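Asker: Just so we're aligned, residue 101 is where the sequence shown starts under the working numbering, counting upward by one. One structure is given below, represented as structure tokens, and several questions about it will come after.
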Amino acid sequence: MSTLVEARNLGRFYGDVVGVSDVTVSIPTGVVGLLGPNGAGKSTFLKLLVGELRPSRGSIQVLGHEPFGNRDLYERLGFCPQQDALYAEMTGFEFVAFLTRLAGYSRSDAEVRAVRALERVSLSDAAHQKTRGYSKGMRQRVKIAQAIAHEPELIVLDEPMTGLDPIARRDVVRLFTELAGEGASIVLSSHVLHEVEALTKDIVLLHRGRLLAQGAVHEVRALLSSHPRKIEIKARESRRLARALLAVEGVSSVKLSRDGHVLLETSDIARFERDFAAIAVAERAGIESYEAIDAGLEAVFDYLVEASA
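What follows is the structure, encoded as structure tokens:
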């Protein structure tokens, strides 16, 4: 597997504000998710990747080239930024065709490609409406269309699911899967783990401008294995259930919240999940909901930050 992006001691600063700091990472070809909470430095890293920003220190290479000011490389990249900046007086078709012409295509070729790209994001019906009347989801899809119209080798997407309803999200995931199957590499950022997991198992984690971890999702989740996991359970017989759960091996604490939910911590989530169903039935607890409240991305980050402190 060849290398798509190579960053070495990469830093970008805005005065005293840190965008990214001392990031060294190799990103392979294929589909890779860039994950982190809001403010983690994802957008800054992607702008460095596509050449919108010059590094303050260190270096970054994309497809073997330095991206800043590299017009030849720009033709091989497609970028969907997080910012919602469209030309309000242009139609969606005009917007995509115009930006495709900037990639070096003739007017006729750009228009053909614009039609095709808008079809792929299910925006053909609104292609000739002015973008000022687009909904947030439509605006997001037209940005994706301009990023893929010139069939780039690398597609970079900053929070591409923002503003999309569940059906549109499903369609966009399907589109990205198709593009990857056609040979394009994709780097997409998100602060929502399950959005990325629908596309790839390969992730890069950023927090406060620094690289925290890189690898497959299951490898990153494994970092939580020694960290107590928090469970919240809603049950009709919550007190009886709480007493029974105290006896489960690995459970370190059990308490009731103000609204009567069972809150517990366990150091062995696999064992707990194996034993829980039998206990709930035996106690006739009347389970109404069960949630691992720290199983998401934020918990991974919190734990990794604590571990690296």
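Positions of the beta carbon are idealized from the N, C-alpha and C atoms, including for glycine. Model, not experiment: these values are computed from the prediction.
Can you tell me where the alpha helix (DSSP H) with PHE193 in it begins and where it stops?
Answerer: Here the alpha helix (DSSP H) through PHE193 covers 192-202.
Asker: Where do the ends of the alpha helix (DSSP H) carrying GLU211 lie?
Answerer: Residues 207-220.
Asker: Are the CB atoms of ALA313 and ILE387 within a distance shorter than 8 Å?
Answerer: In this structure, ALA313 does not lie closer than 8 Å to ILE387 by Cβ.
Asker: Can you tell me which of the three DSSP states SER224 falls into?
Answerer: Three-state DSSP puts SER224 in a helix.
Asker: Excluding the 5 residues preceding and the 5 following VAL320 in the sequence, name in chain order all residues of the same chain whose CB lies nearer than 7 Å to its CB.
Answerer: ILE303, LEU305, ALA313 and VAL400.
Asker: Pick from ARG154, GLY130, ARG269 and VAL132: whose alpha carbon is nearest that of ARG112?
Answerer: Minimum Cα distance to ARG112 is reached at ARG154.
Asker: Can you give me the C-alpha to C-alpha distance between ARG232 and THR191, rounded to a whole angstrom?
Answerer: Going by the C-alpha atoms only, they are around 8 Å apart.
Asker: One question on the structure: do VAL362 and VAL351 come within less than 8 Å of each other, judged by their Cβ atoms?
Answerer: In this structure, VAL351 does not lie closer than 8 Å to VAL362 by Cβ.
Asker: Thinking GLU141 and VAL120 are a contact (beta carbons under 8 Å), I'd like their distance in whole angstroms, please.
Answerer: Glu is not the amino acid found at residue 141; the sequence shown has Gly there. Contact holds; Cβ gap of about 4 Å.
Asker: Out of ASP258, ILE255 and THR262, which one is the CA nearest neighbour of SER235?
Answerer: Of ASP258, ILE255 and THR262, the residue nearest in Cα terms is THR262.
Asker: For GLU59, does the three-state DSSP call read helix, strand or coil?
Answerer: Look at the range of the chain in this structure, 101 to 409, and you will see that residue 59 is not part of it.
Asker: Give the list of continuous alpha helix (DSSP H) stretches no shorter than 4 residues that lie fully inside the region 125-199.
Answerer: Those alpha helix (DSSP H) runs which fall completely within the region 125-199 and span 4+ residues are 142-149 and 171-174.
Asker: Could you give the first and the last residue of the continuous beta strand (DSSP E) run that contains GLY237?
Answerer: Taken as a continuous stretch (DSSP letters only), GLY237 belongs to no beta strand (DSSP E), being part of the alpha helix (DSSP H) at 236-248.
Asker: Ignore the nearest five residues each way along the sequence and tell me which others in GLU211's own chain have a CB closer than 6 Å to its CB.
Answerer: Taken in chain order, the residues that qualify are ALA197.
Asker: Using the Cβ count rule (16 or more neighbours within 10 Å means buried), how would you classify SER289?
Answerer: With 16 or more Cβ atoms within 10 Å of its Cβ, SER289 is classed as buried.
Asker: Under 7 Å Cβ to Cβ from ASP184, same chain only, skipping five residues before and after it: list those, please.
Answerer: Hits under 7 Å: ARG239.
Asker: Under the three-state reduction of DSSP, which class applies to LEU306: helix, strand or coil?
Answerer: Three-state result, LEU306: strand.
Asker: Among GLU337, ALA347, ARG358 and SER357, which one has its Cα closest to the Cα of GLU383?
Answerer: That would be GLU337, whose Cα lies nearest to the Cα of GLU383.
Asker: May I ask you to report which of helix, strand or coil DSSP gives ARG358?
Answerer: ARG358 falls in the coil class under three-state DSSP.
Asker: So what does DSSP say about ALA342, is it helix, strand or coil?
Answerer: Looking at ALA342 - three-state DSSP - the assignment turns out to be helix.
Asker: Compare the Cα-Cα distances from ARG171 to each of SER357, LEU134, VAL150 and ARG374 and report the closest residue.
Answerer: The shortest C-alpha separation from ARG171 is found at VAL150.
Asker: Helix, strand or coil, according to DSSP, for THR300 in the structure here?
Answerer: It is coil, neither helix nor strand.
Asker: For ILE333, write down the residues that DSSP places opposite it in a beta bridge.
Answerer: DSSP lists VAL362 and TYR390 as partners of ILE333.
Asker: If you draw a straight line from the alpha carbon of PHE168 to that of ASP116, how long is it in whole angstroms?
Answerer: Going from the Cα of PHE168 to the Cα of ASP116 covers about 22 Å.
Asker: Quick check on ARG108: does DSSP put it in helix, strand or coil?
Answerer: Here ARG108 sits in strand by DSSP.
Asker: Grouping DSSP H, G and I as helix and E and B as strand, with all else coil, what is ASP265?
Answerer: ASP265: coil per DSSP, three-state reduction.
Asker: Confirm, please, whether the CB-CB distance from GLY130 to SER285 is below 8 Å.
Answerer: Going by C-beta atoms, SER285 is nearer than 8 Å to GLY130.
Asker: Is the closest heavy atom of the ligand MG to the C-beta of ALA316 under 7 Å?
Answerer: Ligands displayed in this structure: none; no statement on the ligand MG is therefore possible.
Asker: In terms of residue numbering, what span does the beta strand (DSSP E) encompassing ASP258 cover?
Answerer: Unbroken beta strand (DSSP E) run through ASP258: 254-258.
Asker: Which residue from ALA280, ARG241, GLY281 and ILE248 puts its Cα closest to that of ARG269?
Answerer: If we check each option's Cα against that of ARG269, ARG241 comes out closest.
Asker: Starting from LEU311, follow its DSSP beta bridges and name the residues at the other end.
Answerer: Partner(s): LEU306.
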